[in-house]
Amino acid sequence: MGEVATRMTALQRAGKKALVPFVTAGFPTRDVFPQLLEEVSRFADIIEIGVPFSDPLADGPVIQHTSQVALEQGVTLPWILEMLADQQARASVSVPVVLMSYLNPLLQISDGDFFERARRANVAGVIIPDLPVEEGAPYEIAARDQQMDLIYLIAPTTSQERARLIADRSQGFVYLVSITGVTGARDAFPAETFDFLRRMRALTNKPLCVGFGISRPEQVRQLAPEVDGVIVGSSLLRVIMEAPSDPIRAAQRMLTPLRRALDESWSPSSVINAE
Amino acid sequence: MHYGQPDERGRFGRFGGQYVPETVMEALLELERQFQSAWHDEAFRRLFHHHLREFVGRPTPLYFAERLTEALGGARIYLKREDLCHTGAHKINNCVGQALLTLRMGKRRIVAETGAGQHGVATAAVAARFGLECIVYMGEIDMERQAPNVFRMQLLGAEVVGVAEGSRTLKEAINAAIRDWVTNVRTTHYLLGSVVGPHPYPVMVRSFQAVIGEEVKEQLLEREGRLPDYLVACVGGGSNSIGLFYPFLDEESVQIIGVEAGGRGPGLGEHAATLSFGTPGVLHGAHSFLLQDRFGQIASTHSVSAGLDYPGVGPEHSFLKETGRVTYVTVSDREALEAFEELSELEGIIPALEPAHALAFLRRLIPRTSKEDIVVVGLSGRGDKDLQLARQAMEEYHHG
Chain A
474 MGEVATRMTA
484 LQRAGKKALV
494 PFVTAGFPTR
504 DVFPQLLEEV
514 SRFADIIEIG
524 VPFSDPLADG
534 PVIQHTSQVA
544 LEQGVTLPWI
554 LEMLADQQAR
564 ASVSVPVVLM
574 SYLNPLLQIS
584 DGDFFERARR
594 ANVAGVIIPD
604 LPVEEGAPYE
614 IAARDQQMDL
624 IYLIAPTTSQ
634 ERARLIADRS
644 QGFVYLVSIT
654 GVTGARDAFP
664 AETFDFLRRM
674 RALTNKPLCV
684 GFGISRPEQV
694 RQLAPEVDGV
704 IVGSSLLRVI
714 MEAPSDPIRA
724 AQRMLTPLRR
734 ALDESWSPSS
744 VINAE
Chain B
171 MHYGQPDERG
181 RFGRFGGQYV
191 PETVMEALLE
201 LERQFQSAWH
211 DEAFRRLFHH
221 HLREFVGRPT
231 PLYFAERLTE
241 ALGGARIYLK
251 REDLCHTGAH
261 KINNCVGQAL
271 LTLRMGKRRI
281 VAETGAGQHG
291 VATAAVAARF
301 GLECIVYMGE
311 IDMERQAPNV
321 FRMQLLGAEV
331 VGVAEGSRTL
341 KEAINAAIRD
351 WVTNVRTTHY
361 LLGSVVGPHP
371 YPVMVRSFQA
381 VIGEEVKEQL
391 LEREGRLPDY
401 LVACVGGGSN
411 SIGLFYPFLD
421 EESVQIIGVE
431 AGGRGPGLGE
441 HAATLSFGTP
451 GVLHGAHSFL
461 LQDRFGQIAS
471 THSVSAGLDY
481 PGVGPEHSFL
491 KETGRVTYVT
501 VSDREALEAF
511 EELSELEGII
521 PALEPAHALA
531 FLRRLIPRTS
541 KEDIVVVGLS
551 GRGDKDLQLA
561 RQAMEEYHHG
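Protein sequences appear in the order of chains A and B.
Here the working numbering is used: the first residue of the first sequence is 474, the next is one more, and so on.
Here the working numbering is used: the first residue of the second sequence is 171, the next is one more, and so on.
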């Protein structure tokens, strides 16, 4: 079992829900990022770091923008891995780190195997949004060889049969895409989202984290009872983007109420429901 | 030899595949099932060919370019006149096929990307013809350089959405179309315009475009009683070239040449010659050759021709390059513009800047041929859309 799975299982046993913040590597600047990462990780159970890509197909305007800014500053996958391998950074981030990367930057790592290098950089898991299970087998093996978790996504459009296969093969947790579409804040979630989360709960014992479109404490309160964790990306990046003078404080202000909402959704009844 | 590509998983050798967000996987699998059943259904094929004849105006002529042949002094040059297709380019062959599939799937909304605007216009035309809602994504730079096509699409009832991100050209238009598709996948078919993207698009678009090469084979047998010695076509994403090449891949006597956009030179960002200068990677759903930096970020491209201005290429072309069955070469912006002028003056045919690249290669090919040889060039589209751009560029060259 990888570090992500271990953490999720421990939380489940304690009846707690995971907060998984997503930040784009090197955003808002390469200098500020390590400190931002440290601060964000204080609120997190697992932290997801986005590898910027020139063509982020599954992402909405905010992550397109943060990726572009990061690329313009010369953020590369080797830079990210070096930063994470740095002893100081490692000590300051006490939760498992999951990298989110489109496939192509991983394929182009020229200096050795990506998974081997990521493991040395203390990366616990990888999410590849343009890698469906049909193409995933070689990457699953490579991840397993390094005791890393390869996390797959399931969407509301995924059939039951396919969802079962994906849940079975996903390691660490299963990433549930809240609604059809790209990343980015949504005002409200339709009933379909809740039906989908319940269907997935009934389908697998694997830990479930829901992402895409989550920005507000009340949304966290609504969604948390149905899953084991929530992933918050675009809305966090937006407040960081809008506070260039003090991005760290802006992130704290955003994450504090989300953390509280999540911790409040821990109740004896939710423990019983999860069992 | 039997060519037999792709395999059941949509692989052309090591290229191809389905690298897409999970949200659209079911739609891709459904498209694959529907395409396979339709393509093996006689009634669907008859309907497809009916519309190719009645709406598109097929078969297009295989035209003997007498004065061009004389001027170059070698092989007999034939032009496959896809410029005479309805809407002015080969793009509509594929659009008719995919529109019929959209109806078969019970969807009423289509999205498409366009670079030069030819695929957008063809998509808008079939959408109007078959009563489908149509959204076309187009980079803002392309909207500027292909303004007449924007108006054509609007006139045909399509909504043209400008894309302001990144390079503001074809690559970003594809990103935007995919994002729309991911969001509206239950009601929407993505009418991709080339042999790129995830399986089944490369094989499906090839199937709809293969009519080009099939007609050439038949027409040339009738005219000359034999197969051509050379086939030449331009390659951006690669749909007109695959359409021309595919029926000849098993004919070993036929030499096949794909011509890429050499732009201003061989530096990254100066051209769009993916096969000539690129390396393998994954973009827009397929494993294929790409123009990218050493960290896997997709490079910007340049070509005088908007339709070739793309950092990827169909996976089948990558396979054909690696096996050596097809030879890929580049010609520069300047050579393409010279060929654009030359064909206009010698044959009374204004080609699009895309096939002007294929025509430009004749200046290098013909001196190596004899008068008994036969060359067929894919004239994939007409040049009306390029007049303003060509005039500007020609003035620069003539004065600069």
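We put the CB at the ideal spot given by N, CA and C, even for glycine.
Helix, strand or coil for A/D528 per DSSP? A/D528 falls in the coil class under three-state DSSP.
Return the bridge partner residues of A/A491 from the DSSP annotation. A/A491 pairs with A/G702.
Going straight from the alpha carbon of B/V281 to that of B/L361, what length do you get? Cα to Cα, the separation comes out at about 6 Å.
Integer-rounded CB distance, given that B/A259 should sit under 8 Å from B/G551: Confirmed, Cβ separation roughly 3 Å.
Spatial neighbours of B/D556 in its chain, beta-carbon cut-off 7 Å, leaving aside the 5 residues before and after: Around B/D556: A522 and L523.
Answer with yes or no whether the minimum CB distance from B/R181 to chain A is below 7 Å. With 7 Å as the cut-off, B/R181 does not count as an interface residue toward chain A.
To the nearest whole angstrom, what separates the beta carbons of A/A628 and A/L676, a pair I think is in contact under 8 Å? A/A628 to A/L676, Cβ: 14 Å. No contact.
Taking only three categories from DSSP, how would you classify B/I468? Looking at B/I468 - three-state DSSP - the assignment turns out to be strand.
Give the range of the alpha helix (DSSP H) segment to which B/Y360 is assigned. Per DSSP, B/Y360 belongs to no alpha helix (DSSP H); it is in the beta strand (DSSP E), T358 to Y360.
Run the CB neighbour count on A/A610, radius 10 Å, all protein chains shown included, and call it buried at 16 or more, exposed below. That one is exposed.
B/P417, buried or exposed, once every other Cβ within 10 Å from all chains shown has been counted against 16: It is buried - the Cβ of B/P417 has at least 16 other Cβ atoms within 10 Å.
Neighbour flag for B/G267 against chain A, beta carbons, 7 Å: Among the CB atoms of chain A, none fall inside 7 Å of the CB of B/G267.
Please confirm if B/R184 has its CB atom under 7 Å from at least one CB of chain A. With its beta carbon at least 7 Å from every one in chain A, B/R184 lies outside the interface.
Counting only the same chain and skipping the five closest in sequence on each side, list residues whose C-beta sits under 6 Å from that of B/G553. Close CB contacts of B/G553 within its chain, under the 6 Å cut and outside five residues either way in sequence, are with I520, P521 and A522 (chain order).
CB contact flag (B/L325, B/G285, <7 Å): For B/L325 and B/G285, no; Cβs fall outside 7 Å.
Does the separation of the CB atoms of B/F459 and B/G466 fall below 7 Å? Against a cut-off of 7 Å, the Cβ pair of B/G466 and B/F459 comes out as no contact.
Within chain A, partners of B/E335 - CB distance below 7 Å: What B/E335 touches in chain A: Q537.
Would you list the one or two residues that DSSP bridges to B/Y248? When DSSP reads this structure, B/Y248 sits in a beta bridge with B/F234 and B/V546.
B/G486 and B/F182: beta carbons closer than 7 Å? It should be pointed out that residue 486 of chain B corresponds to Glu in this sequence rather than to Gly. Taking 7 Å as the Cβ cut-off, B/E486 and B/F182 qualify as a contacting pair.
Could you check which residue in B/G180, B/A560, B/A530 and B/P231 has the C-alpha nearest to that of B/H369? Per the C-alpha coordinates, the member of B/G180, B/A560, B/A530 and B/P231 positioned closest to B/H369 is B/G180.
I'd like the span of the alpha helix (DSSP H) that includes A/I721, first residue to last. A/I721: member of the alpha helix (DSSP H) spanning P720 to E737, first to last residue.
Could you give the distance in angstroms between the alpha-carbon of A/V599 and the alpha-carbon of A/G706? Straight-line Cα distance between these residues: approximately 16 Å.
Run the CB neighbour count on A/P741, radius 10 Å, all protein chains shown included, and call it buried at 16 or more, exposed below. Residue confidence for A/P741 is low, a pLDDT of 48 falling below 50, so the modelled location carries little weight and cannot support an answer.
Per DSSP, B/M275 forms a beta bridge with which residues? For B/M275, which the question treats as bridged, DSSP gives no partner whatsoever.
Beta-carbon separation of A/T653 and A/I536 under 7 Å? No, they are not a contact pair.
When you check each C-beta in the region 641 to 675 of chain A against every C-beta of chain B, which residues fall closer than 8 Å? Within the region 641 to 675 of chain A, the residues whose Cβ lies closer than 8 Å to some Cβ of chain B are V650, T653, G654 and V655, listed in chain order.
Can you tell me the Cα-Cα spacing of B/E505 and B/G451, whole angstroms? For B/E505 and B/G451, the distance between alpha carbons rounds to 30 Å.
Is the Cβ of B/R246 closer than 7 Å to any Cβ of chain A? B/R246 is outside the set of residues whose beta carbon lies under 7 Å from a beta carbon in chain A.
Residue ranges of each beta strand (DSSP E) run of no fewer than 3 residues wholly in the region 632 to 663 of chain A, ordered along the chain? Fully enclosed beta strand (DSSP E) runs of 3 or longer: 647 to 650.
From B/G413 to A/M727, what does the alpha carbon distance come to, in whole angstroms? One Cα belongs to B/G413, the other to A/M727, and the distance between them is close to 54 Å.
Alpha-carbon to alpha-carbon, B/I247 and A/L604: A/L604 and B/I247: Cα-Cα distance of roughly 46 Å.
Restricting to runs no shorter than 3 residues, where is the beta strand (DSSP E) found entirely within the region 331 to 402 of chain B? As far as the region 331 to 402 of chain B is concerned, its whole beta strand (DSSP E) runs of at least 3 residues are 358 to 360.
Please confirm if B/V366 has its CB atom under 7 Å from at least one CB of chain A. With 7 Å as the cut-off, B/V366 does not count as an interface residue toward chain A.
Quick check on B/H568: does DSSP put it in helix, strand or coil? DSSP, read as helix, strand or coil, puts B/H568 in helix.
Residue span of the alpha helix (DSSP H) that contains B/H457, given as start and end: That residue, B/H457, is in no alpha helix (DSSP H); its beta strand (DSSP E) goes A456 to L460.
Closer than 9 Å by beta-carbon distance: list the chain B residues that pair up with A/T631, in chain order. Within 9 Å Cβ-Cβ: E192, T193, M195 and E196.
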